[in-house]
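Novice: Keeping their order, the protein sequence lines are chains A and B.
Quick note: the first sequence uses the working numbering, first residue 333, plus one each step.
Quick note: the second sequence uses the working numbering, first residue 3, plus one each step.
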Amino acid sequence: QKEVEQDPGPLSVPEGAIVSLNCTYSNSAFQYFMWYRQYSRKGPELLMYTYSSGNKEDGRFTAQVDKSSKYISLFIRDSQPSDSATYLCAMSAFGNEKLTFGTGTRLTIIP
Amino acid sequence: EAGVAQSPRYKIIEKRQSVAFWCNPISGHATLYWYQQILGQGPKLLIQFQNNGVVDDSQLPKDRFSAERLKGVDSTLKIQPAKLEDSAVYLCASSLQYRRGREELFFGEGSRLTVL
Numbered sequence: 333q334k335e336v337e338q339d340p341g342p343l344s345v346p347e348g349a350i351v352s353l354n355c356t357y358s359n360s361a362f363q364y365f366m367w368y369r370q371y372s373r374k375g376p377e378l379l380m381y382t383y384s385s386g387n388k389e390d391g392r393f394t395a396q397v398d399k400s401s402k403y404i405s406l407f408i409r410d411s412q413p414s415d416s417a418t419y420l421c422a423m424s425a426f427g428n429e430k431l432t433f434g435t436g437t438r439l440t441i442i443p
Numbered sequence: 003e004a005g006v007a008q009s010p011r012y013k014i015i016e017k018r019q020s021v022a023f024w025c026n027p028i029s030g031h032a033t034l035y036w037y038q039q040i041l042g043q044g045p046k047l048l049i050q051f052q053n054n055g056v057v058d059d060s061q062l063p064k065d066r067f068s069a070e071r072l073k074g075v076d077s078t079l080k081i082q083p084a085k086l087e088d089s090a091v092y093l094c095a096s097s098l099q100y101r102r103g104r105e106e107l108f109f110g111e112g113s114r115l116t117v118l
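#1: If you follow the beta strand (DSSP E) that residue 54 (chain B) is in, where does it begin and where does it stop?
#2: Does DSSP classify residue 414 (chain A) as helix, strand or coil?
#3: Work out the CA separation of residue 68 (chain B) and residue 38 (chain B) for me, nearest whole Å.
#4: Take residue 385 (chain A) and list the residues in its own chain whose beta-carbon comes closer than 8 Å to its own, dropping the five residues that flank it on each side.
#5: Using 8 Å as the limit for Cβ to Cβ distance, is residue 335 (chain A) near chain B?
#6: In chain order, what residues of the same chain have a beta carbon less than 8 Å from the beta carbon of residue 430 (chain A), not counting five sequence neighbours either side?
#7: Pairing CB atoms from the stretch 351-371 of chain A with CB atoms from the stretch 23-33 of chain B, are three or more of them under 8 Å?
#8: Once the 5 residues before and after residue 77 (chain B) are set aside, which same chain residues still bring their CB inside 6 Å of it?
#9: Which chain A residues are close to residue 110 (chain B), counting only those with a beta carbon under 8 Å from its beta carbon?
#10: Looking at the unbroken beta strand (DSSP E) that takes in residue 437 (chain A), where does it start and where does it end?
#11: By Cβ distance, which residues of its chain are closer than 6 Å to residue 116 (chain B), with the 5 residues on each side in sequence left out?
#12: Can you tell me which of A:372, A:391, A:395 and A:405 puts its alpha carbon nearest to the alpha carbon of residue 339 (chain A)?
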């Protein structure tokens with residue numbers, strides 16, 4: 333079993349739709365949870381960061397962490413074509429800076 | 003502010019040949035990482051430097067991969083001899099300091115290696 337599981341997609345939705353991206357994990361030591369966005373032929377860039385359980389909102393993006401279920405989500409509201417990218421979840425444990433990434437979900441927003 | 007610079011962007015070699023990748027992190031960033039991203043997979047950490055010392059190289063295939071970060075600034079990653087399964091994008095990242103899981107990583111655009 334992989335430490336971090338992520339549906340690879342691809343996922344295609346019409347512009348303006350709400351997008352839900354998810355990851356599950358098995359390592360209960362993970363406490364820092366991140367979402368990176370990676371455009372084609374570019375490096376990943378940090379989109380959202382949360383610590384432990386709870387929600388965090390930034391504009392059209394909301395990150396949720398449910399540590400009891402070992403499940404994290406990223407919601408994108410009013411999706412735009414510019415949101416088309418691969419979204420990678422990543423997580424790490426306290427005291428260990430090593431990031432463990434999911435496989436990424438490839439998202440396409442159709443105008 | 004300049005981002006993480008990597009070169010070359012693309013490299014095609016035959017198996018058993020050698021290749022080297024170069025990375026210049028963001029100025030002032032003490033921590034530097036090399037990740038390997040195989041097509042359809044998430045990045046996997048190969049090696050992490052704090053200044054010019056190695057923090058973690060547990061997933062670096064040391065029989066063929068080597069990396070150095072002289073003077074605590076730029077870094078090179080070498081593969082010798084290359085295998086077909088080394089075909090991947092090699093991502094360099096840097097972060098300001100070592101803060102135990104809470105530091106934002108800034109990635110370069112990557113060096114895409116194809117081994118024939």
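Each residue gets a CB set at the ideal place from its N, CA and C atoms; glycine is no exception.
Specialist: Reading it off the structure:
#1: Within the second sequence, numbered from 1, the residue matching residue 54 (chain B) stands at position 52. Element bounds for residue 54 (chain B): n/a, residue is neither H nor E.
#2: Translated into positions along the first sequence, residue 414 (chain A) becomes position 82. Here residue 414 (chain A) sits in helix by DSSP.
#3: Taking the second sequence and counting its residues from 1, one reaches residue 38 (chain B) at position 36. Taking the second sequence and counting its residues from 1, one reaches residue 68 (chain B) at position 66. Going from the Cα of residue 38 (chain B) to the Cα of residue 68 (chain B) covers about 13 Å.
#4: Position 53 of the first sequence holds residue 385 (chain A). The answer, listed in chain order, is 397, 398, 399 and 400.
#5: By 1-based counting over the first sequence, the position of residue 335 (chain A) is 3. Using a CB distance cut-off of 8 Å, residue 335 (chain A) does not count as an interface residue toward chain B.
#6: Mapped onto the first sequence, residue 430 (chain A) falls at position 98. Only 424 meet the Cβ criterion.
#7: Between the stretch 351-371 of chain A and the stretch 23-33 of chain B, the count of Cβ pairs shorter than 8 Å is below three; the stretches do not touch.
#8: The residue labelled residue 77 (chain B) in the question sits at position 75 within the second sequence. Answer for residue 77 (chain B): 25, 34 and 71, listed in chain order.
#9: By 1-based counting over the second sequence, the position of residue 110 (chain B) is 108. Those are 375, listed as they occur along chain A.
#10: As a working note, residue 437 (chain A) is residue 105 in the first sequence. For residue 437 (chain A), the enclosing beta strand (DSSP E) stretches over residues 437-442.
#11: By one-based count along the second sequence, residue 116 (chain B) stands at place 114. Only residues of its own chain outside the window of five on either side were considered, and among them 14 and 89 have a CB closer than 6 Å to the CB of residue 116 (chain B), listed in chain order.
#12: Start at 1 with the first residue of the first sequence, and residue 339 (chain A) comes out as number 7. Ranking A:372, A:391, A:395 and A:405 by Cα distance to residue 339 (chain A) puts A:405 first.
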